[in-house]
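Residue numbers (the working numbering): 55 to 168.
The beta-carbon is built from N, C-alpha and C at its ideal position, and this holds for glycine as well.
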Amino acid sequence: MRDTRTISWLKGALRDFEAFPADVQIEMLRALTVAAEGGKSDNAKPFKGVGSGVFEIAMRHRGDAFRAIYAVQIGVDLWVIHAFQKKSKTGIKTPQADIDLVKERLKRLKEALR
């Protein structure tokens with residue numbers, strides 16, 4: 055039997071995730087389950103600029119881009135920090151507002167779990 059971690063959600067991330075299309079939710083939940091079991095899904099990659107242990111699941115659906123950001127090195131659980139539909143005006147780059155939100159949520163989560 056695998057030692058699966060609990061997947062915990064920040065309220066804002068869960069609310070945004072629940073607005074995603076059902077197909078995207080299913081595939082992202084699969085990727086999160088792989089991470090909770092200690093693996094890394096093919097559509098997950100390190101999320102740069104916020105330190106180690108933070109990953110991004112990237113999915114395309116009908117021409118739209120969806121992202122979920124999760125942290126594996128905060129407490130016992132796997133934490134989903136942010137979920138958003140990417141609407142970047144600068145090409146492939148993640149919008150700075152989303153990066154700043156991830157940083158702020160990580161900081162507050164770390165403080166809350168002390």
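Outcome for V130 when other beta-carbon atoms lying within 10 angstroms are tallied against a minimum of 16: exposed
Close-in-space but distant-in-sequence residues of the same chain around A119 (CB under 6 Å, 5 per side omitted): K140
According to DSSP, residues forming a beta bridge with R114: A119
DSSP-derived helix/strand/coil call for I61: strand
Residues of its chain near P75, where Cβ-Cβ distance is below 6 Å and the 5 sequence neighbours each way are ignored: H115
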